[in-house]
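Peer 1: Handing you this structure, nothing more for now.
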Amino acid sequence: MKARSIVIITFLIIFGSLFSDVINYDKVIRNLKGVKSYEKENYENSGEDFKRNAIKYPKDSRLHFNQANAQVKNGMLEEAEQNYKLALNNEKFKDKSKALQNLGNVKFLQKDYKNAIKNYRDALVEDPQNLDARYNYELAAKMLQRQQEQKQKQEQNKDEEKEKQEEEQQQDKQENKNDEQEEKQQKQEEQKQDEKQKSQEQKMKEQKKEDAEKMLKALLQKEKEEMKKEKEKMNVDRAKSGKYW
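FYI, my numbering numbers position 99 of the sequence shown as 111, with every residue one higher than the one before it.
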């Protein structure tokens, strides 16, 4: 279901009272000119007419009210807020409920629903029969609740995102730690294999040396035995020939 827009009370509600200012004919004419521009949706020109009137007659709260309404249409929300407040400063201003309602509308458009609710509440205090202010009050209350829920959801998402990032960082940290541990173990294993290989090479070297020494010893022994046999043979041959050394 599509929600209704906020109800904005326009300057037309209070312009009728300006005709009683017969002495200030210029004021009435300029306001009528502003009304025509406003009705043609020429809000820039209407705003200029209301501004000139408000400057010329600064004590007339109705003119500040009219100027503020045109400023709302021109998107000049901060300026409109100031003029609504100027209108409300006059104790003799008879349309405070309407001004407070429109001031609430300004805060509504600024998405400042908390202050919008306050202004609508004040408008109802001034005039409990202001049904538009009551409607706007209820609408602003719903918007404030939605805004708070969205904010809460955003904060929750932010917390979840932060928690997710922390988990990812912790996971990365653990993975880096595991990689470092694996690298360390790999280096230790390589060092162990290297030491084992060196040990084996050393043993082979020592074995070769031992084998060479055995071979040399065997050759010397064989040569010694052959020399002994040769000597014995020579002695036998001499004995047979009768010659001795």
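Each residue gets a CB set at the ideal place from its N, CA and C atoms; glycine is no exception.
How far does the alpha helix (DSSP H) with Y258 in it extend, from its first residue to its last?
Peer 2: With the chain represented from 13 up to 257, any question about residue 258 goes unanswered, as that position is not in the structure.
Peer 1: Tell whether a beta-carbon distance below 8 Å holds between A145 and L151.
Peer 2: no
Peer 1: Using 8 Å for Cβ pairs, my map puts L75 next to N86. What's the rounded Cβ distance?
Peer 2: Not quite, the Cβ-Cβ distance comes to about 16 Å (not below 8 Å), so this is no contact.
Peer 1: Suppose you measure from the CA of A230 to the CA of E238; what does that come to, to the nearest Å?
Peer 2: Roughly 12 Å between the two C-alpha positions.
Peer 1: Can you say whether N188 is buried or exposed, counting buried as having 16 or more other CB atoms within 10 angstroms of its CB?
Peer 2: exposed
Peer 1: Between the Cα of D72 and those of K154, N36, N247 and N148, spot the shortest distance and give me the residue it belongs to.
Peer 2: Out of K154, N36, N247 and N148, the CA that lies nearest to the CA of D72 is found in N36.
Peer 1: Do N95 and Q79 have their CB atoms nearer than 8 Å?
Peer 2: Yes, they are a contact pair.
Peer 1: Whole angstroms are fine: how far does the CA of E175 sit from the CA of F23?
Peer 2: Residue confidence for F23 is low, a pLDDT of 38 falling below 50, so the modelled location carries little weight; the figure read from the coordinates is stated next. Cα to Cα, the separation comes out at about 53 Å.
Peer 1: Suppose you measure from the CA of K234 to the CA of Q205; what does that come to, to the nearest Å?
Peer 2: 42 Å
Peer 1: The alpha helix (DSSP H) with Q94 in it runs from where to where?
Peer 2: L89 to L100
Peer 1: Cutting at 7 Å between CB atoms, please list the residues of its own chain near A92, excluding the five before and the five after it.
Peer 2: A80, Q83, V84 and V118
Peer 1: Using 10 angstroms around the beta-carbon of S49, count the other beta-carbons present and answer buried if the total reaches 16, otherwise exposed.
Peer 2: buried
Peer 1: For a test of the three-state rule: what should DSSP assign to N57, helix, strand or coil?
Peer 2: helix
Peer 1: Would you check if the distance between the CB atom of L98 and the CB atom of Y125 is smaller than 8 Å?
Peer 2: Against a cut-off of 8 Å, the Cβ pair of Y125 and L98 comes out as no contact.
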